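Q: Chains as they are written, first to last, in this note's numbering: chain F, 1 to 383; chain W, 1001 to 1383.
There are 2 protein chains.
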Amino acid sequence: MEFLLDIAVLLISAKLLGEVAERLRLPELLGAIAAGFLLGPVLGLVDVQNVVRFGQMGLILLLFIAGFREVRVEEIMRNKKSSVLAGTLGALVPLVAGYFLGTYFGFSVITSLFIGSALAASSISISLGSFIEAGRLNTRVGRTVLGSSVVDDVLGLFILAVIVAVATTGSMPSVEVFSGIFFGILLFALVFLASIFLFPLLVRFSNKFKADQAQFSVTMVLVIMLALLAEKFGLSTVLGAFLAGVILSRVPQLATRSFLEKVDVVSEGIFVPLFFAWVGLQIALDAGAITLFTLALIVVALVGKLVGCYVAGALSGFTHVESLALGVGMIPRGEVALVILMLGAKAGVVSSSLFSSFLLLILVSIFLTPVLLAPLLRGKLPK
Amino acid sequence: MEFLLDIAVLLISAKLLGEVAERLRLPELLGAIAAGFLLGPVLGLVDVQNVVRFGQMGLILLLFIAGFREVRVEEIMRNKKSSVLAGTLGALVPLVAGYFLGTYFGFSVITSLFIGSALAASSISISLGSFIEAGRLNTRVGRTVLGSSVVDDVLGLFILAVIVAVATTGSMPSVEVFSGIFFGILLFALVFLASIFLFPLLVRFSNKFKADQAQFSVTMVLVIMLALLAEKFGLSTVLGAFLAGVILSRVPQLATRSFLEKVDVVSEGIFVPLFFAWVGLQIALDAGAITLFTLALIVVALVGKLVGCYVAGALSGFTHVESLALGVGMIPRGEVALVILMLGAKAGVVSSSLFSSFLLLILVSIFLTPVLLAPLLRGKLPK
Chain F
1 MEFLLDIAVL
11 LISAKLLGEV
21 AERLRLPELL
31 GAIAAGFLLG
41 PVLGLVDVQN
51 VVRFGQMGLI
61 LLLFIAGFRE
71 VRVEEIMRNK
81 KSSVLAGTLG
91 ALVPLVAGYF
101 LGTYFGFSVI
111 TSLFIGSALA
121 ASSISISLGS
131 FIEAGRLNTR
141 VGRTVLGSSV
151 VDDVLGLFIL
161 AVIVAVATTG
171 SMPSVEVFSG
181 IFFGILLFAL
191 VFLASIFLFP
201 LLVRFSNKFK
211 ADQAQFSVTM
221 VLVIMLALLA
231 EKFGLSTVLG
241 AFLAGVILSR
251 VPQLATRSFL
261 EKVDVVSEGI
271 FVPLFFAWVG
281 LQIALDAGAI
291 TLFTLALIVV
301 ALVGKLVGCY
311 VAGALSGFTH
321 VESLALGVGM
331 IPRGEVALVI
341 LMLGAKAGVV
351 SSSLFSSFLL
361 LILVSIFLTP
371 VLLAPLLRGK
381 LPK
Chain W
1001 MEFLLDIAVL
1011 LISAKLLGEV
1021 AERLRLPELL
1031 GAIAAGFLLG
1041 PVLGLVDVQN
1051 VVRFGQMGLI
1061 LLLFIAGFRE
1071 VRVEEIMRNK
1081 KSSVLAGTLG
1091 ALVPLVAGYF
1101 LGTYFGFSVI
1111 TSLFIGSALA
1121 ASSISISLGS
1131 FIEAGRLNTR
1141 VGRTVLGSSV
1151 VDDVLGLFIL
1161 AVIVAVATTG
1171 SMPSVEVFSG
1181 IFFGILLFAL
1191 VFLASIFLFP
1201 LLVRFSNKFK
1211 ADQAQFSVTM
1221 VLVIMLALLA
1231 EKFGLSTVLG
1241 AFLAGVILSR
1251 VPQLATRSFL
1261 EKVDVVSEGI
1271 FVPLFFAWVG
1281 LQIALDAGAI
1291 TLFTLALIVV
1301 ALVGKLVGCY
1311 VAGALSGFTH
1321 VESLALGVGM
1331 IPRGEVALVI
1341 LMLGAKAGVV
1351 SSSLFSSFLL
1361 LILVSIFLTP
1371 VLLAPLLRGK
1381 LPK
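#1: Listing by chain order, which chain F residues have their CB less than 7 angstroms from the CB of Glu1022 of chain W?
#2: Is the shortest distance between the beta-carbon of Arg1257 of chain W and the beta-carbons of chain F less than 8 angstroms?
#3: Could one say the Cβ of Val371 of chain F lies closer than 8 angstroms to chain W's Cβ atoms, at least one of them?
#4: Do you know how far the Cα of Ser249 of chain F is from the Cα of Phe271 of chain F?
#5: So which residues of chain W does Pro173 of chain F contact, with C-beta pairs closer than 9 angstroms?
#6: Around the C-beta of Ser1117 of chain W, are 16 or more other C-beta atoms found within 10 angstroms, so that it is buried, or is it exposed?
#7: Could one say the Cβ of Val218 of chain F lies closer than 8 angstroms to chain W's Cβ atoms, at least one of them?
#8: Within the segment 115–194 of chain F, note down every full alpha helix (DSSP H) run reaching 4 residues or more, in order along the chain.
#9: Comparing C-alpha positions only, which one of F:Gly379, F:Pro27, F:Leu201 and F:Ala34 sits nearest to Leu10 of chain F?
#10: Which word fits Tyr1104 of chain W, buried or exposed, when buried means at least 16 other C-beta atoms lie within 10 angstroms of its C-beta?
#11: By how many angstroms is the C-alpha of Val166 of chain F removed from the C-alpha of Val177 of chain F?
#12: Mind listing, in chain order, the continuous alpha helix (DSSP H) runs of no fewer than 4 residues lying wholly within the segment 230–270 of chain F?
#13: Is it the case that the segment 358–366 of chain F contacts the segment 276–286 of chain F, given that we only count it when at least three CB pairs across the two stretches are under 8 angstroms?
#14: I need the straight-line Cα distance from Gly1058 of chain W to Leu302 of chain F, nearest angstrom please.
#15: Along the chain, where does the alpha helix (DSSP H) containing Ala374 of chain F start, and where does it finish?
#16: Run through chain W and tell me which residues come within less than 9 angstroms of Phe205 of chain F, C-beta to C-beta.
#17: Spatial neighbours of Arg1143 of chain W within its chain, please: C-beta separation below 8 angstroms, excluding the five flanking residues on both sides.
#18: Since Gly1288 of chain W is in the alpha helix (DSSP H), which residue starts that stretch and which ends it?
#19: How would you write the range of the alpha helix (DSSP H) that Leu95 of chain F sits in, first residue to last?
#20: Can a CB atom of chain W be found closer than 8 angstroms to the CB of Pro27 of chain F?
#21: Would you tell me roughly how many angstroms separate the C-alpha atoms of Arg257 of chain F and Arg1257 of chain W, rounded to the nearest one?
#22: Considering only C-alpha positions, which residue in the set W:Ile1126, W:Leu1062 and W:Ser1267 is nearest to Val1371 of chain W?
#23: List, in order along the chain, the chain F residues whose C-beta lies closer than 8 angstroms to that of Pro1200 of chain W?
#24: Using a Cβ-Cβ cut-off of 6 angstroms (strictly less than) and excluding sequence neighbours within five positions of Ile1384 of chain W, which residues of its own chain qualify?
#25: Taking C-beta pairs closer than 7 angstroms, name the residues in chain F that Arg1053 of chain W reaches, listed in chain order.
#26: Going along chain F in order, which residues have a C-beta closer than 8 angstroms to the C-beta of Gly1334 of chain W?
#27: Mind checking if Ile1012 of chain W is an interface residue toward chain F, Cβ cutoff 8 angstroms exclusive?
#28: For a test of the three-state rule: what should DSSP assign to Leu1011 of chain W, helix, strand or coil?
#29: From the beta carbon of Leu1239 of chain W, is the nearest beta carbon of chain F less than 8 angstroms away?
#30: Strictly below 8 angstroms CB to CB, what residues from chain F border Val1093 of chain W?
#31: List the residues of chain F that Leu1382 of chain W touches, going by C-beta distances under 7 angstroms, in chain order.
#32: Over what stretch of residues does the alpha helix (DSSP H) that includes Leu1297 of chain W continue unbroken?
#33: Could you list the residues in the segment 150–161 of chain F with a C-beta less than 8 angstroms from some C-beta on chain W, going in chain order?
#34: Suppose contacts are defined by Cβ-Cβ distances below 8 angstroms. Is Ala1312 of chain W in contact with Leu1085 of chain W by that definition?
#35: Run the CB neighbour count on Arg333 of chain F, radius 10 Å, all protein chains shown included, and call it buried at 16 or more, exposed below.
#36: Give me the chain F residues within the contact set of Ala1134 of chain W, using Cβ-Cβ distance strictly less than 9 angstroms, ordered along the chain.
Below is the structure:
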């Protein structure tokens, strides 16, 4: 039962530091991340293995809530132009800038390609948390951050296929690889459409159960299943959980205050703080990684994303504050960057010191994003 | 994220089979146990490692609810005579009967002592679940089942100390061992008294938090901490979680319908079904264990407990149905028996085939108890 001590200590620390953050007008999630960072990498009191499952459940719930509570399907589609623009520009600018940064610092062409690719994809769970907390997800910039992260994801799949093929075979990937990716996306689209019909039926069925809280259990299971199916077809769990939320928010039986309150207590009361604490736990401390290259990498990663998305925002008719919020919202890097680098390491073209530089970049982006976003989200934003 | 598939599959199966059980007028928990048993030992689809943490959290929550929702301190104390009687007689009768069973089947004196001791302690989470589901925990027999399990626990500690000392050193344990156990119980009693003063203060403090659901998180942390402290001082986590519920039920800020609903969704909607499914997952199938000795062991275990507790009930002025319910409620054996046997195996006096016999006994007691209890709890029972 020792793992429960880690859970308890993390949960209480996350809530306490979250409270401190909130009083400083910073997002609560920053406090939770700091709690994980302090108890894990800094003090070494908590074992990350004891929290990983609760943390992953928290990530799923966070995205489910985002879809359920904040966004309607029609509304996401209203911002598809800005989403595609920001997703594309926001990926391409850091990709190109990262490539040139690599060659400038003397890395090989293929290593530089890995550096660029790893900078392309955002990890928006941190900024999404800030948007949700501030009640600003359902604004046009909030929906664009969401939408472009989906575009980002799909683009990332293709970039990854290309560069892994180049690194391992020295040539472009075959047509089959691309059609495989397309096929995965297509299959998931079918699953999504089927879910739109099936989910309401299953929820209505569970409503007839006498078993205690059966409807809530069934809802949770549907969310997990769609998240896992998204992953199975090459997309991210995060996208699946989000879409499950969007679908379920249209089910009449669930559109009640009491269901919302249930979701809130399970997520905010237990799993979501543990998710952010888990993010903090995973941060790797490596003072040796603070080199001139690392600093340049951080600048390129931040400025590249900011510029790409700011331009996309301006082109979509966003205000200065909105375009800034869009740019900052897309800054965080995370698991996608690490996956790309790991594949590079496997192909023998990414060194462990390059890895450490990226870990530092992730650390900086995780702590910086909520701090920069807080003032931008304070005022009113166009719906 | 594969573990989430196991969680989802177990949760939905537990709710579905729970529903089936309920329609057959059996407790829902039997369906959840059957779900775990089918998906794990029988079909091999689910990995128990992926569920253990959620299951343990469920056990803590189950006992917390029992303490919070069902029982008042004053009321437990009203039944202390019957609790002590049933705890003592219900431990001694199977202990003695198990010892003679062992010697009759040709086991050594020390092995027979281990057999008897392993039969002494009940594992009441299964019967407790039946009492809670039927709304009968707050009856004099319900409270006696609870109270005698505490007595049982304390007695078990002493029996364990004696027999481990005899097995390893060949003599009775030293005074230090006994005073160590006494000291642990004393320390936990102090922690308990301190909690009565501290918990309301901490809950009131958390009420001032702006962080979302902070009060709920703090409550969960307090429950986990008292459970872990109980374990630390040699008692069971289950007792700590139960007492945390009793203490917290007296805190005015928590005595609301909305808090109860929160606890219910977290426990019944997620963790408690996973706890019972986890119980089912852990059941070991070993057809080779079905021997004459195993059958005799099961009869002795069931009848011994039933007789000991029935007599205790009758001596306390309970009706026939109440005394039967008390006896059946104390039948389940579980983790305590396994711990005792493991210590015996370590000392080289418990064989693996003896272990298998006990696993079969646990299996039978887990499935039989709710089935036998259901009709006994259907009618009205004296408060």
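By construction, the Cβ of each residue, glycine as well, lies at the ideal position given by its N, Cα and C atoms.
Since the model is a prediction, treat every value here as computed from it, not as a measurement.
A: Let's see:
#1: By one-based count along the second sequence, residue 1022 of chain W stands at place 22. Within 7 angstroms Cβ-Cβ: Lys210 and Ala211.
#2: On the second sequence, residue 1257 of chain W is found 257 positions in, with the first residue counted as 1. So no, Arg1257 of chain W is outside the interface.
#3: Stepping through the first sequence from its first residue, residue 371 of chain F is reached at position 371. Taking Cβ atoms only, chain W never reaches closer than 8 angstroms to Val371 of chain F, which makes this a no.
#4: Position 271 of the first sequence, counting from 1, holds the residue named residue 271 of chain F. Position 249 of the first sequence, counting from 1, holds the residue named residue 249 of chain F. Using only the alpha carbons, I get a separation of about 20 angstroms.
#5: If you number the first sequence from 1, residue 173 of chain F lands on position 173. By Cβ distance, chain W contributes nothing, its closest Cβ being about 26 angstroms from Pro173 of chain F, past 9 angstroms.
#6: Within the second sequence, the letter at position 117 stands for residue 1117 of chain W. So Ser1117 of chain W ends up on the buried side.
#7: Here residue 218 of chain F refers to the residue found at position 218 when the first sequence is read from its first residue. Cβ-Cβ to chain W under 8 angstroms: yes for Val218 of chain F.
#8: 125–133 and 140–169
#9: Along the first sequence, one-based indexing puts residue 10 of chain F at 10. It is F:Ala34.
#10: Counted from its first residue, the second sequence places residue 1104 of chain W at position 104. Exposed.
#11: For the purposes of this step, residue 177 of chain F is taken as the residue at position 177 of the first sequence. For the purposes of this step, residue 166 of chain F is taken as the residue at position 166 of the first sequence. Roughly 13 angstroms between the two C-alpha positions.
#12: 237–248 and 257–266
#13: yes
#14: Taking the second sequence and counting its residues from 1, one reaches residue 1058 of chain W at position 58. Taking the first sequence and counting its residues from 1, one reaches residue 302 of chain F at position 302. When rounded, the distance between both Cα atoms is 43 angstroms.
#15: Looking up residue 374 of chain F in the first sequence gives position 374. Note, Ala374 of chain F: alpha helix (DSSP H), Ser352 to Leu376.
#16: Locating residue 205 of chain F in the first sequence gives position 205, counting from the first residue. Within chain W, no residue comes near Phe205 of chain F; the closest Cβ sits about 10 angstroms away, beyond 9 angstroms.
#17: Position 143 of the second sequence holds residue 1143 of chain W. Within the same chain, Arg1143 of chain W has close Cβ partners Val1071, Glu1075, Ile1076, Arg1078, Asn1079, Ser1083 and Leu1137.
#18: Within the second sequence, the letter at position 288 stands for residue 1288 of chain W. No alpha helix (DSSP H) contains Gly1288 of chain W, which DSSP labels as neither H nor E.
#19: The sequence position of residue 95 of chain F within the first sequence is 95, counting from 1. Counting along the chain, the alpha helix (DSSP H) containing Leu95 of chain F begins and ends at Lys80 to Tyr104.
#20: Residue numbering aside, residue 27 of chain F sits at position 27 when the first sequence is read from its first letter. It does not: the Cβ of Pro27 of chain F has no partner Cβ on chain W nearer than 8 angstroms.
#21: Indexing the first sequence from 1 puts residue 257 of chain F at position 257. Indexing the second sequence from 1 puts residue 1257 of chain W at position 257. Taking the straight line joining both Cα atoms gives about 15 angstroms.
#22: For this step, residue 1371 of chain W is matched to residue 371 along the second sequence. Checking every option, the nearest Cα to that of Val1371 of chain W belongs to W:Ile1126.
#23: As a working note, residue 1200 of chain W is residue 200 in the second sequence. Chain F residues near Pro1200 of chain W: none, gap ~17 angstroms exceeds 8 angstroms.
#24: As shown, chain W starts at 1001 and ends at 1383. That puts residue 1384 of chain W outside it, with no answer to give.
#25: As a first step, residue 1053 of chain W is located in the second sequence; it is residue number 53 there, counting from the start. Within chain F, the residues near Arg1053 of chain W are Phe3 and Arg53.
#26: Here residue 1334 of chain W corresponds to residue number 334 of the second sequence, with the count starting at 1. Residues of chain F passing the Cβ test: none, with the nearest at roughly 15 angstroms.
#27: Within the second sequence, numbered from 1, the residue matching residue 1012 of chain W stands at position 12. Closer than 8 angstroms: yes.
#28: Residue numbering aside, residue 1011 of chain W sits at position 11 when the second sequence is read from its first letter. The answer is helix: DSSP assigns Leu1011 of chain W an H, G or I state.
#29: For the purposes of this step, residue 1239 of chain W is taken as residue 239 along the second sequence, with counting starting at 1. No - not a single Cβ of chain F is within 8 angstroms of the one on Leu1239 of chain W.
#30: Against the second sequence, residue 1093 of chain W aligns to sequence position 93. Those within 8 angstroms of Val1093 of chain W in chain F number zero; the least Cβ separation is about 30 angstroms.
#31: The count along the second sequence starts at 1 and reaches residue 1382 of chain W at position 382. It should be pointed out that residue 1382 of chain W corresponds to Pro in this sequence rather than to Leu. Near Pro1382 of chain W there are no residues of chain F at all, since even the closest Cβ is about 26 angstroms away, more than 7 angstroms.
#32: In the second sequence, the residue the question calls residue 1297 of chain W occupies position 297. Where Leu1297 of chain W is concerned, the enclosing alpha helix (DSSP H) stretches over Leu1292 to Leu1315.
#33: none
#34: Along the second sequence, one-based indexing puts residue 1312 of chain W at 312. Along the second sequence, one-based indexing puts residue 1085 of chain W at 85. Yes.
#35: Within the first sequence, residue 333 of chain F is the residue found at index 333, counting from 1. The residue in question, Arg333 of chain F, is buried, as its Cβ has 16 or more Cβ neighbours within 10 Å.
#36: Looking up residue 1134 of chain W in the second sequence gives position 134. Ordered by position in chain F, no residue passes the 9 angstroms Cβ test against Ala1134 of chain W, which lies about 13 angstroms from the chain.
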